[in-house]
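With my numbering applied, the sequence shown closes on residue 376, and no number is skipped along the way. Think of the CB as a built atom: it goes at the ideal place given N, C-alpha and C, for glycine as much as any other residue. Working notes, structure below.
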Amino acid sequence: MRVFVVLLWLLCSQAMLAQNDILAKEYFEKGQFEKAVIAYEDLLAQNPNNSIYFANLVTSYQELSQFDKAEKRIIERQKRTNQPNLYIDLGYNFQLQKKPLKAEENYNKALEMRDTLKLRVEIAEVMRDDFKDDSSYYWHCEEMIEKYPSEPEGY
């Protein structure tokens with residue numbers, strides 16, 4: 222009986238999450254950004270790694286000229302994930318505020334990270350070829366190459 226209750230609770234919570242997802246998307250697409258912010262903040266609290274929720278929340282903040290909130294969210298995520306595209310998001314946030322120097326600074330950080338990741342992948346490719354006999358090291362290099370392709374998308 223207890224298992225049934227747990228399964229029922231899980232199904233209901235997933236159904237509610239899906240419903241909230243649809244509602245948030247609807248608000249966003251209709252330009253109802255105040256409502257979209259509330260919905261996406263809730264969804265992101267439940268799924269902090271969801272990039273679509275994050276992007277739509279940041280865009281909603283920007284549409285409402287809440288640039289400080291957008292900046293705070295972007296910086297928090299950047300500290301947690303260290304992704305180059307977040308510097309692009311931050312640069313764009315500054316661009317919207319007519320702060321071209323800060324925007325350019327963040328765009329340059331994204332380019333520097335891209336170049337660093339590209340170099341790491343190139344090193345991993347060479348090391349993978351040199352260590353084919355060491356299976357654990359070989360697979361570590363393979364994982365890195367797969368995780369960071371030579372030309373990251375969007376660059």
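Who are the Cβ neighbours of residue i in its own chain at under 8 Å, not counting the five residues just before and after it?
| i | result |
| --- | --- |
| Arg298 | Phe275, Gln304 and Leu307 |
| Asn271 | Leu264 and Leu265 |
For the putative contact between residue i and residue j, defined by C-beta atoms under 8 Å, what is the C-beta separation to the nearest angstrom?
| i | j | result |
| --- | --- | --- |
| Leu322 | Gln283 | No, Leu322 and Gln283 are not in contact; Cβ-Cβ is about 19 Å, not under 8 Å. |
| Leu257 | Ser281 | The question names Leu, but residue 257 in the sequence shown is Ala. So it is a contact: roughly 4 Å between Cβ atoms. |
Count the other C-beta atoms from every protein chain shown that fall within 10 angstroms of the C-beta of residue i, then say buried if there are 16 or more, exposed otherwise.
| i | result |
| --- | --- |
| Arg301 | exposed |
| Ala266 | exposed |
| Glu247 | exposed |
| Asn329 | exposed |
| Glu292 | buried |
Note down, in chain order, each residue of its chain lying with its Cβ closer than 7 Å to the Cβ of residue i, except the 5 sequence neighbours on either side.
| i | result |
| --- | --- |
| Asp310 | Val279 and Ile295 |
| Leu244 | Ala260 |
| Asn241 | Ala260, Asp263 and Leu264 |
For residue i, collect the residues of the same chain with a Cβ closer than 6 Å to its Cβ; drop the 5 residues on either side in sequence, then sort them by chain order.
| i | result |
| --- | --- |
| Ala324 | Gly312, Phe315 and Gln316 |
| Asn327 | Tyr308, Leu311 and Gly312 |
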